[in-house]
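In the numbering used here, the protein residues as written are 28 to 454.
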Amino acid sequence: MSPASKIAPADSSLTRQQVAGVIAQACHAKDYRDKKVLLIVPDGTRTAPVGLLFQTLYRQIGEAAKAFDVLIALGTHQPMSESAICRRLEISEAERGDSYRRIRFFNHAWNDPAALKSIGVIPAGEISRLSSGLFAMDVPVHVNRMLFDYDQIIIVGPVFPHEVAGFSGGNKYLFPGVAGPEILNFFHWLGAVITTPKIIGNKWTPVRRVVDRAGSMVEVPKLCFCMVVEGEGLAGLFAGTPESAWEGASDLSRQRHIVYKEKPFHTILSCAPKMYDEVWTGGKAMYKLEPVLADGGELIIYAPHISKVCVAHGKVIEEVGYHCRDYFLKQWERFKHYPWGVLAHCAHVYGLGTFENGVENPRARVALATQIPPEKCRRINLGYRDPNSIRIEDFANRENEGILLVPKAGETLFRLKNPPDWAKESP
């Protein structure tokens, strides 16, 4: 258990006073006097009361600190505007110019070498051990150089089941949150090789081991607040090191964020919320449902607000297309020069399948019901559904027919009570 934590009873949320109590226990103002503090928070693609934590932390230590700045852990997502950061922190632009005027906002720049610092290499032998023998290669580790301008890093973010690491949160807000491309590309592809169903919702995955190893190389004092979100509120809040806070939060997330079903579904309408504004993030509507998608079934990512595949990586995705893992592995000489993180995304969204004698067969099908036109869907090797032809209510209350409607997909994991071998955790 982390040094400071609070869990709400089932069907209730932590109060503001309880959140303030956890923060007061973990952060004593006198310890931050004349220190420079960097707060790392997620972008808008995560559901969490980030503003509550930000504002409470600032009241607790902001005036004592010499500096209190905010870095958005974008990974490879698009930068946020000043007004978007204000919305993420739940403050008005008037408050930004008054109560929070001394705070500087920064976006992580994963693809700007000048913004990154090399902090070493995880050697091939260690990578072999961490990856359970799947890879043996030196992995350079770069991270945002701003981290080393501060006396204290404070990480604030939610923990959910995650397709690459098992559970999000903790050191993951450093890697890939504020990391460079080499380590990011490596462990995303490591997760894809293991496959999403064997990773997601499992705790001590090879990817988590790599993420924590990289986190240990950031030799700046770190404090982490891991949130477990239910609805609009907090089911739990854990404070401590990135490792200890994450450990408690991931246990609670396993209890609160996984729904078990008796049988798989041949049709799933997975509604991506508006916080996912491209397929790059909207793919989460597939990842969390793949374990309950029947062989030969269809999962529809319903997101009529999405018009782009991916701003940062769209060109590469259009070149390689969405395919199963084995399509890439069995033609590795052809694909190994592409960014591995992009290949991982393509395999995650497509789902499991086979590639034999030059023929690819998906286990099930994925279709986009977005603004992306049918010809582009074909070009990137995904199915197409006209979003205007879909009535959400037609999919509701039909689970006994093998049809599942998920109104807000992307964060709750769905699993079978008795999963097939392909969805069981790797030993």
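Built from N, CA and C at the ideal position, the CB exists for glycine as well.
Note down the Cα distance separating residue i from residue j, rounded to an integer number of angstroms.
i: Met254; j: Lys62; result: 25 Å
i: Lys311; j: Ala394; result: 13 Å
i: Asp304; j: Asn171; result: 25 Å
i: Met28; j: Ile182; result: Low per-residue confidence applies at Met28: pLDDT is 40, beneath 50, and the placement is therefore not dependable enough to give any value.
i: Asn424; j: Ile430; result: 8 Å
i: Val237; j: Arg156; result: 10 Å
i: Asp58; j: Gly267; result: 15 Å
i: Pro414; j: Cys298; result: 11 Å
i: Leu320; j: Glu387; result: 19 Å
i: Glu420; j: Pro389; result: 28 Å
i: Glu325; j: Arg128; result: 50 Å
i: Leu250; j: Gln45; result: 18 Å
i: Val68; j: Val97; result: 7 Å
i: Ser271; j: Lys93; result: 27 Å
i: Pro140; j: Leu174; result: 15 Å
i: Gly378; j: His340; result: 19 Å
i: Arg352; j: Arg43; result: 45 Å
i: Gly124; j: Leu79; result: 18 Å
i: Arg235; j: Trp359; result: 25 Å
i: Ser126; j: Ser416; result: 48 Å
i: Ile112; j: Phe132; result: 8 Å
i: Tyr85; j: Glu428; result: 51 Å
Can the beta-carbon of residue i be found closer than 7 Å to that of residue j?
i: Pro269; j: Gly197; result: yes
i: Cys373; j: Tyr411; result: no
i: Ala100; j: Val205; result: yes
i: Val64; j: Phe95; result: yes
i: Trp367; j: Trp216; result: yes
i: Tyr314; j: Thr223; result: yes
i: Leu279; j: Leu41; result: no
i: Ile210; j: Val256; result: no
i: Ala91; j: Ala56; result: yes
i: Gln87; j: Cys54; result: yes
i: Ala371; j: Ala241; result: no
i: Gly275; j: Ser32; result: yes
i: Leu432; j: Leu264; result: no
i: Pro188; j: Ile221; result: no
i: Tyr365; j: Val347; result: yes
i: Ile333; j: Gly309; result: yes
i: Pro203; j: Gly89; result: no
Mind checking who residue i pairs with in its DSSP beta bridge?
i: Thr381; result: Asn388
i: Ile149; result: Val166
i: Met244; result: Bridge partners of Met244: none, in fact.
i: Cys251; result: Ile182, Gly267
i: Phe194; result: Pro188
i: Val433; result: Ser297
i: Pro69; result: Ala100
i: Asn171; result: Leu143
i: Gln325; result: A small correction: the amino acid at residue 325 is Glu; Gln does not occupy that position in the sequence shown. BP columns for Glu325 point to Thr294, Arg392.
i: Leu440; result: Ile285
i: Ile227; result: For Ile227, which the question treats as bridged, DSSP gives no partner whatsoever.
i: Asn134; result: Ile99
i: Ser108; result: DSSP, once it has assigned bridges, lists no residue as partnering Ser108.
i: Val234; result: None; Val234 has no bridge partner.
i: Ile34; result: Gly263
i: Ala272; result: Answer is none; Ala272 lacks a bridge partner.
i: Ala47; result: In the DSSP output, where bridge partners are listed per residue, Ala47 has none listed.
i: Ala312; result: None, per the DSSP bridge assignment.
i: Leu320; result: Phe292
i: Gly410; result: Ala394
i: Lys63; result: Ala94
Leaving out the 5 sequence neighbours to the left and right, which residues in its chain are closer than 7 Å to residue i when beta-carbon positions are compared?
i: Met244; result: Ile146, Gly147, Val168
i: Pro300; result: Lys435, Gly437
i: Cys337; result: Glu305, Val306, Trp307, Ile344
i: Pro318; result: Pro224, Phe441, Arg442, Leu443, Pro446, Ala450
Near residue i, what residues of its chain come up, given a Cβ to Cβ distance below 6 Å and the 5 sequence neighbours on each side ignored?
i: Met302; result: Gly71, Thr72
i: Ser277; result: Val186, Phe194, Lys230
i: Lys199; result: Ala192, Val238
i: Pro291; result: Val319, Ala321
i: Ser158; result: Leu217, Pro233
i: Phe214; result: Val234, Val237
i: Ala35; result: Leu41, Ala262
i: Leu66; result: Val97, Ile181
i: Tyr354; result: Phe382, Glu387
i: Pro331; result: Pro414
To which residues of the same chain is residue i closer than 8 Å at the C-beta, ignoring the five residues directly before and after it?
i: Ala163; result: Ala151, Gly152, Ile154, Ser155
Please decide whether residue i counts as near chain C, where near means a Cβ-Cβ distance under 7 Å.
i: Tyr365; result: Judged by its chain identifiers, the structure shown contains no chain C, having just a single protein chain.
query = At a cut of 8 Å, does the stretch 103-119 reach the stretch 150-165 through at least three beta carbon pairs?
reply = no
message = Counting beta carbon pairs with one atom in the stretch 432-444 and one in the stretch 281-289, are three or more of them shorter than 8 Å?
response = yes
ask   = Can at least three beta-carbon pairs, one atom from the stretch 110-121 and one from the stretch 176-192, be found at a separation below 8 Å?
value = no
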